[in-house]
Ligand SMILES: Nc1ncnc2c1ncn2[C@@H]1O[C@H](COP(=O)(O)OP(=O)(O)OP(=O)(O)O)[C@@H](O)[C@H]1O
Ligand SMILES: [Mg+2]
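Numbering (full-length UniProt numbering), first residue to last: 1 to 248.
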């Protein structure tokens, strides 16, 4: 398996507003964040606190209204349209709803994002390797409807890895899964982070999953109100106990 260099992520004074009828909502409000390469960060906080918006801004799905985002030393907020497309190809996205195409096999769902770049045949071997890496060897020809929720999310993760991302953005990837399956998906993400060196930002409501990341940030009203290193030499049981006291 190839090992990618993870990329550091920084935001400074990041602001995103939405218009909702006559109202203006500040979804991300002067948010500062500094994530070193290869760190797995749980992004927590109540519904509406800005978790998804933050991931969308970092992934350049949404444009910021103010502040800067720097990923791998590149200022994303300054990129032009053509540069943005190339930037997005280097980011892996995993979503709560897997967004698989129902008429395509698992293998073709993994290949589809890179199809405009060379033909299907050039990518099939790599897609097979990734399906193998996420534990789906032998299921390449299954349609999404023939796969369980956890298996569909594994396809979503393999698809996200197709562009060799240095950064993986996962927005409640276990939100539709039972707790045991959700735990297996997190195992997989952390293992892939270890073997491929990616930086991982994981938005989650589930405290037992958040507690297994390297670091936990909590958002409230679009800004960071808590930032905890979960790797500061404690034994894992103590870390879990401490995390369980956090209001997630
Ligand atoms: N496209 C949009 N148009 C208008 N308002 C939006 C839009 N997207 C998000 N918002 C608002 O921005 C705020 C932050 O939303 P966001 O989806 O980032 O929260 P979240 O922390 O991901 O919540 P959840 O835990 O429910 O997923 C909310 O008040 C939300 O209603
Ligand atoms: Mg969300």
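C-beta atoms are modelled at their ideal positions from N, C-alpha and C, and glycine is treated no differently. All figures in this text were calculated on a predicted structure; none of them were measured in a lab.
Take the Cβ of residue 81 as the centre, count every other Cβ of all protein chains shown within 10 Å, and call the residue buried at 16 or more, exposed below. Stepping through the chain shown from its first residue, residue 81 is reached at position 81. With fewer than 16 Cβ atoms within 10 Å of its Cβ, residue 81 is classed as exposed.
Please classify residue 169: does DSSP put it in a helix, a strand, or coil? Within the chain shown, numbered from 1, the residue matching residue 169 stands at position 169. DSSP places residue 169 in strand when its eight states are reduced to three.
In three-state DSSP terms, what is residue 75? As a position in the chain shown, residue 75 is number 75, starting the count at 1. Strand at residue 75.
Rounded to a whole number of angstroms, what is the C-alpha to C-alpha distance between residue 61 and residue 208? Counting from 1 along the chain shown, the entry for residue 61 is found at position 61. Counting from 1 along the chain shown, the entry for residue 208 is found at position 208. Each residue's Cα considered, the two are about 28 Å apart.
Throw me the rounded Cβ distance for the residue 159 and residue 113 pair, which I believe falls under 8 Å. In the chain shown, the residue the question calls residue 159 occupies position 159. In the chain shown, the residue the question calls residue 113 occupies position 113. Distance from residue 159 to residue 113 at the Cβ level is roughly 6 Å; contact confirmed, criterion being Cβ atoms closer than 8 Å.
If we count Cβ pairs, one from each stretch, closer than 8 Å, do we get three or more for the stretch 221-233 versus the stretch 178-197? As far as the Cβ criterion goes, the stretch 221-233 does not touch the stretch 178-197, which means the pair count is below three.
Does DSSP put residue 70 in a helix, a strand or coil? Within the chain shown, the letter at position 70 stands for residue 70. Residue state, collapsed to three classes: strand.
Cβ-based neighbour list, residue 130, same chain, cut-off 7 Å, excluding 5 preceding and 5 following: By 1-based counting over the chain shown, the position of residue 130 is 130. So the list reads 110, 158, 161, 162, once near-sequence residues are dropped.
In terms of alpha-carbon separation, which member of 49, 14, 173, 43 lies closest to residue 65? Locating residue 65 in the chain shown gives position 65, where the first residue counts as 1. The option with the nearest alpha carbon to residue 65 is 14.
Evaluate residue 123 with the Cβ neighbour count: other Cβ atoms within 10 Å of its Cβ, from every protein chain shown; 16 or more gives buried, anything less gives exposed. For the purposes of this step, residue 123 is identified with residue 123 of the chain shown, where counting begins at 1. Buried, since its Cβ has 16 or more Cβ neighbours within 10 Å.
Going by the C-beta, is residue 206 closer than 7 Å to any heavy atom of ligand 2? Translated into positions along the chain shown, residue 206 becomes position 206. Incorrect: residue 206 has no Cβ contact closer than 7 Å to ligand 2.
For ligand 2, I want to know if residue 60 counts as a neighbour, meaning its beta carbon is within less than 7 Å of at least one of the ligand's heavy atoms. Start at 1 with the first residue of the chain shown, and residue 60 comes out as number 60. No, Cβ of residue 60 sits at least 7 Å from all heavy atoms of ligand 2.
Are the CB atoms of residue 103 and residue 216 nearer to each other than 8 Å? If you number the chain shown from 1, residue 103 lands on position 103. If you number the chain shown from 1, residue 216 lands on position 216. With a cutoff of 8 Å on beta-carbon distance, residue 103 and residue 216 are scored as not near each other.
Quick one, are the C-beta atoms of residue 87 and residue 76 less than 8 Å apart? Here residue 87 refers to the residue found at position 87 of the chain shown. Here residue 76 refers to the residue found at position 76 of the chain shown. Against a cut-off of 8 Å, the Cβ pair of residue 76 and residue 87 comes out as a contact.
When every heavy atom of ligand 1 is checked, does at least one fall within less than 7 Å of the C-beta of residue 220? Position 220 of the chain shown, counted from the first residue, corresponds to residue 220. The answer is no for residue 220.
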